[in-house]
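*Asks:* Residue numbers (UniProt numbering), protein chains in the order written: chain A, 1 to 219; chain B, 1 to 219.
All residues carry an ideal CB built from backbone N, CA and C; glycine is no exception.
These figures come from a predicted structure and were not determined experimentally.
2 protein chains.
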Amino acid sequence: MISQTEENYLKALYNLTYLKGEASVNEISKRLEIKMPTVNSMMKKLSEKGLVHYESYKPLKLTEEGKKEAALIIRKHRLTEMYLVEKMGFAWDEVHQIAEQIEHIHSPEFFTKMDQLLGYPTVDPHGSPIPDHNGVMRSENYVFLDTCEIGNVVTLMAVQPSSKELLQYLNSKNLELGTTLTIHSIEPFDRSITVSYDKRSAEVLSSKVTATLLVRPIS
Amino acid sequence: MISQTEENYLKALYNLTYLKGEASVNEISKRLEIKMPTVNSMMKKLSEKGLVHYESYKPLKLTEEGKKEAALIIRKHRLTEMYLVEKMGFAWDEVHQIAEQIEHIHSPEFFTKMDQLLGYPTVDPHGSPIPDHNGVMRSENYVFLDTCEIGNVVTLMAVQPSSKELLQYLNSKNLELGTTLTIHSIEPFDRSITVSYDKRSAEVLSSKVTATLLVRPIS
DNA sequence: CTAGTAAGTTAGATTAAACTAACAAAATAT
DNA sequence: ATATTTTGTTAGTTTAATCTAACTTACTAG
Chain A
1 MISQTEENYL
11 KALYNLTYLK
21 GEASVNEISK
31 RLEIKMPTVN
41 SMMKKLSEKG
51 LVHYESYKPL
61 KLTEEGKKEA
71 ALIIRKHRLT
81 EMYLVEKMGF
91 AWDEVHQIAE
101 QIEHIHSPEF
111 FTKMDQLLGY
121 PTVDPHGSPI
131 PDHNGVMRSE
141 NYVFLDTCEI
151 GNVVTLMAVQ
161 PSSKELLQYL
171 NSKNLELGTT
181 LTIHSIEPFD
191 RSITVSYDKR
201 SAEVLSSKVT
211 ATLLVRPIS
Chain B
1 MISQTEENYL
11 KALYNLTYLK
21 GEASVNEISK
31 RLEIKMPTVN
41 SMMKKLSEKG
51 LVHYESYKPL
61 KLTEEGKKEA
71 ALIIRKHRLT
81 EMYLVEKMGF
91 AWDEVHQIAE
101 QIEHIHSPEF
111 FTKMDQLLGY
121 PTVDPHGSPI
131 PDHNGVMRSE
141 NYVFLDTCEI
151 GNVVTLMAVQ
161 PSSKELLQYL
171 NSKNLELGTT
181 LTIHSIEPFD
191 RSITVSYDKR
201 SAEVLSSKVT
211 ATLLVRPIS
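(1) I'd like the list of long-range same chain contacts for B:I102, defined as Cβ closer than 6 Å, with 5 residues on each side in sequence excluded.
(2) I'd like to check one pair, A:A99 with A:H77: are the Cβ atoms closer than 7 Å?
(3) Check whether the Cβ atoms of A:K61 and A:E7 sit closer than 7 Å, and answer yes or no.
(4) Is it the case that the segment 114-133 of chain A contacts the segment 171-188 of chain A, given that we only count it when at least three CB pairs across the two stretches are under 8 Å?
(5) Could you work out which residue in A:S24, A:G151, A:P59, A:A158 is closest to A:S128 when comparing CA atoms only?
(6) Can you tell which of A:R200, A:L84, A:H104 has its C-alpha closest to the C-alpha of B:F111?
(7) Residue 229 of chain A by DSSP, collapsed to three states: which one?
(8) Name the chain B residues that come within less than 9 Å of A:F90, Cβ to Cβ?
(9) What is the residue span of the alpha helix (DSSP H) that A:H126 lies within?
(10) Whose Cβ in chain A lies nearer than 8 Å to the Cβ of B:H106?
(11) Does A:I98 get closer than 7 Å to chain B when you measure Cβ to Cβ?
(12) What residue range is occupied by the uninterrupted alpha helix (DSSP H) comprising B:I102?
(13) Jot down the residue ranges of each uninterrupted alpha helix (DSSP H) in the segment 30-87 of chain B, minimum 4 residues, whole runs only, in chain order.
(14) Do you know whose CA, among A:L72, A:P217, A:K68, A:N40, lies nearest A:V154's CA?
(15) If you follow the beta strand (DSSP E) that A:M157 is part of, which residue opens it and which one closes it?
(16) Please check the pair B:K68 and B:L117, which I expect to be a contact at CB under 8 Å, by giving their CB distance rounded to whole angstroms.
(17) The alpha helix (DSSP H) that contains A:E109, what's its start and end?
(18) Going along the chain, which residues of the segment 57-83 of chain B sit with their C-beta nearer than 8 Å to a C-beta in chain A?
(19) Which residues mark the beginning and the end of the beta strand (DSSP E) in which A:V195 is found?
(20) If contacts are defined as beta-carbon pairs under 8 Å, then B:I73 and B:L10 qualify, I think. What distance do you get, rounded to the angstrom?
(21) State buried or exposed for B:T5, treating a residue as buried only when at least 16 other CB atoms are found within 10 Å of its CB.
(22) Going by C-alpha distance, which of B:H96, B:H133, B:G178, B:A91 is nearest B:S107?
(23) Distance, Cα to Cα, B:N40 vs A:K44?
(24) At the level of alpha carbons, what is the spacing between B:A211 and B:F144?
(25) Residues of chain B with CB under 8 Å from A:E94, in chain order?
(26) Count the other C-beta atoms from every protein chain shown that fall within 10 angstroms of the C-beta of B:I150, then say buried if there are 16 or more, exposed otherwise.
(27) To be precise: take each residue of the segment 116-140 of chain B, compare its Cβ to all Cβ atoms of chain A, and keep it if any distance is under 8 Å. Which residues remain?
(28) Near B:L181, what residues of its chain come up, given a Cβ to Cβ distance below 6 Å and the 5 sequence neighbours on each side ignored?
(29) Beta carbon of B:L51, beta carbon of B:T63: below 7 Å?
(30) Rounded to whole angstroms, what is the Cα-Cα separation between B:L170 and B:L177?
(31) Which word fits B:R75, buried or exposed, when buried means at least 16 other C-beta atoms lie within 10 angstroms of its C-beta?
Take a look at the structure:
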C-alpha cells in the first residue's frame, strides 16, 4: 500500500525526472516544500519498497515499478482535470488544486467511469498527455524539434536522452522547459536550425541538440 | 483546521446522536472499528477544539459548532452520492465507498458546482436529506408519527427529543431505527395509534410517544 | 446490596511524517 | 589547490493517530 504522502513524493520525482531521468533530494525538497532530511528518509523508505533507486550522494531515479505507480497517479490527476473542465464547466486554471486531492482517491471504477464519459481522452486541458491504464504515456503529441518545419511555434516539453553537458548547454542558452520557440530557418547542409525565444532573436541549435528536444507544436 | 480523521469522528458522532442526542465512547469505537482509548483521547481533543461536549463518564454530545461541521461533511457525502448516481451513472449501491473519500475534499467550489449541476437536491439517492450549505438539515421528508394517517407505511428515522426512559420503552417494544411500521388505526379520543411491524401485529403507541418519533413515509 | 460484567480512563508504546541541529561529501569559485 | 558554499546525511525531537495493559467507574443481575 502506498500512502497519500508517498504518492506525492513519487509524483514529484516523476515530474522532475521526466526531463533528465534523475533528480536530487534538493529538487524534491524545493518542489514539495519539505525539508531535505525528510525527503532523504522518504527516499530510503521508497527504496525499501522497490519504487526508487537510492544510493548515498547519488542522483535519485524511479524504478520501473515506481515509474508505473507515478504515471498512474498522474493519469488520475489529468483525467480529473479533464473531467472538471469538460463535464463540470470549470475553467482550466481552477482545476489543479481540486485534482491534487482527487488524484488520491482509491477507486478504479471511479476513474474508469470518468475515462469512459470523456471518451478516452489522451491529453488533459493543458495539453499534457494522459498515461493509459498501464501507466504508459503515449506522448503522440510531443515531437522532436528536428522534425519541425520553418514557421512552427513550439513549446519545449522534455529532453530525451539527456546528459549533464546537454543540460548545462541548455542552461547557458536560457532554454528551459516551457520555453516557446519560433523556428526561423533550417540549414539543409547540417540540419541546424535558427530559432527565437524570450528576448533572443536568432539562436542556432545543432541537429545534435534538436534531436534531443521534445516539443509540443503550438502552430 | 479539522483533519480527515477528526472529520470521521464527527460524522460518526453526528449519526449516532441523531437518534437520541448523545452517544457513548463504546458506540463510536464499534462504528469506526477503533479501540476505546483512542476514541477517548480523540473526544478530549475535539472537546478542546470546541466541537464536542466531553465530561468523564458522561455521554458525548456535539456542540452547536460540532453539529454544523458534521452536517457539512454529511452534505458533501450525500451530494457526492447523488452526483455519482445522477451524473456518472453509478448504481445506488456502488457510491458509498467513493463518497466516503470525496467527502473530505477541501474545495467549496467543487461541491457548489455539484449542487448546481444537480439542481439543488434535498435528498440523496437513498432518500436521506442533504443538509444545506449552513449545515441545516431540512428534513421535510421526515414527519412525526402523530401526523400520519391510517394505512401509511413508514420507516422510523429518528427520535426527537429523546430520553433514556423513552429509549428503554422503545427497546422493550423492539422498536429501533429503521423499523418499518404500518398504521392500522388511530384512536380519536387520545390520538393513540395501533401499528404493526416485524412480527408484532397490533402494538398501541400513545401520542406522547408518537409525537417524538420521526418517520419517513414509504406509502 | 453486593458481586460480576461492561464501559470508560490512564499510562505508556508504536508508527508515519514532519522538524532542527550538527556533521560529511561534493561542487564551485577564487 | 584550497576555501567556501551547496547538497546530502545522521541523529534525535515532535505531533497525530493508533495500539495494549492495567486500573476505575458505572451498570446489572442475582
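*Replies:* On the basis of the coordinates in this document:
(1) T80
(2) yes
(3) no
(4) no
(5) A:A158
(6) A:L84
(7) As shown, chain A starts at 1 and ends at 219. That puts residue 229 of chain A outside it, with no answer to give.
(8) E109, F110, K113
(9) That residue, A:H126, is in no alpha helix (DSSP H); it is neither H nor E in DSSP.
(10) Q101
(11) yes
(12) 96-102
(13) 36-48, 64-86
(14) A:P217
(15) 153-159
(16) Between B:L117 and B:K68 the Cβ distance is about 25 Å, and since that is not below 8 Å, they are no contact.
(17) 108-117
(18) none
(19) 193-197
(20) 7 Å
(21) exposed
(22) B:H133
(23) 35 Å
(24) 6 Å
(25) E109
(26) exposed
(27) L117
(28) V154, V195, Y197
(29) yes
(30) 10 Å
(31) buried
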